[in-house]
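Each residue of the sequence shown is one higher than the last, beginning at 115 in the working numbering. All residues carry an ideal CB built from backbone N, CA and C; glycine is no exception.
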Amino acid sequence: MKPFFFLFSCLFSMTIFAQNTVLPLWPNNIPNSIETDEKEEVISADIVRIAKVQVPQIEVYLPAKKIATGQAVLIFPGGGYGILAYDWEGTDFAKFLNGKGIAGIVVKYRLPNSKSVTEKHKVPLQDAQRAIRTVRSKAEEWNIDPNNVGIIGFSAGGHLASTLGTHYKEEVYAQQDSIDQLSARPDFMTLAYPVITMGEPNTHGGSRKNLLGENPSQKLLDHFSNELQVTADTPPTFLLHASDDKGVPVENSLLFYTALVKHQVPAEMHIYPTGGHGFALGLQEAHLATWTDQWVGWLNNLK
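Laid out in structure tokens, this is it:
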């Protein structure tokens, strides 16, 4: 029986060390949150979709220390601010980053279409600010350089990422602890087929409706049209999009890139002639599959 117990012990140890760290973002009160009978929904079909997020959290994937670069990327999955494409634009990327020695942190942020939130337009940014501050607070424990923490967002997650990159100084919640004294500014950001503008004709209607409601004011539209919020302090940015994107027009990336150049923010952009919307790692098309190589090269050059 000894070989059996030895094998069981090894497998048990491997299971323990293979587990990812999952942390709730708010240890005390979740801001802009109310108690309802709403339950979180997880649907696993072709991809994992999460809706009606009740407890925002981060899921942390760390590379082996032997290859760790100290760099970390927070990942904001897309889904029109209605769901989160949690593996397709989340955990799959965290695992990909680990192979490059980079920590990947998937952010399960609250969605403004939930009936468990108030002041809906503030909620995603609250979670995003808290997430990057939490990662910086754990930098030593997770073998991360707190000055080399960036973000990537896809589609509506790209809107949230660009909101964090342009609204990181905005006080959208009351400080809860020492974590909230840390900077929420990303050191770099990547925006993949992102929603950027809330204005016509190039916005994504579903994302705008879920975030800002049916009839938002012009002030609110401008505030969350992130091409209007770029400054010289906006983080260096990598953009990618497909020209034939019918969901989120390529003009979203073009508008943001133009604003970055105007303010002399380092920027790199890759526009593919075809690819549609939501191609993620791009493994389904040979010409798209190379974008991650370009991205990792860009990340390496930031060091």
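For PRO315, the secondary structure class from DSSP, reduced to helix, strand or coil, is coil. Two segments are said to touch when three or more pairs of C-beta atoms, one from each, lie closer than 8 Å; by this definition the segment 349 to 356 touches the segment 381 to 396. Between the alpha carbons of GLU233 and ILE181 lies a distance of about 43 Å. In chain order, ASN146, ARG224, PRO226, VAL231 place their CB closer than 6 Å to the CB of VAL237, counting only its own chain and leaving out the 5 sequence neighbours on each side. Proximity of the segment 188 to 206 to the segment 154 to 166 meets the contact definition, three or more beta-carbon pairs being nearer than 8 Å.
Taking 8 Å as the upper bound for CB-CB distance, VAL156 and ILE219 are not in contact here, some 19 Å apart. VAL169 is positioned such that its CB atom lies no closer than 8 Å to that of LEU239. Listed in chain order, the non-local C-beta contacts of ASP294 below 7 Å within the same chain comprise ARG247, local neighbours out to five positions each way being set aside.
Within the segment 339 to 407, complete alpha helix (DSSP H) segments of at least 4 residues are found at 365 to 376, given in chain order. Apart from the 5 residues on each side of it in sequence, GLY313 sits with its Cβ closer than 7 Å to the Cβ of LEU335, SER339 in its chain, given in chain order. If the five residues before and after GLN185 are omitted, its C-beta is found closer than 6 Å to the C-beta atoms of ILE216, ASN262, all from its own chain and listed in chain order. Burial check for ASN415: the Cβ neighbour count within 10 Å stays below 16, so the residue is exposed. If you look at LEU274, you'll find it isn't in any beta strand (DSSP E); it sits in the alpha helix (DSSP H) that goes 270 to 281. Within the same chain, ALA298 come within 6 Å of GLN243 by CB-CB distance, once the 5 residues on both sides are set aside.
Relative to the Cα of GLY271, the nearest Cα in the group ASP241, ALA253, VAL309, HIS235 belongs to VAL309.
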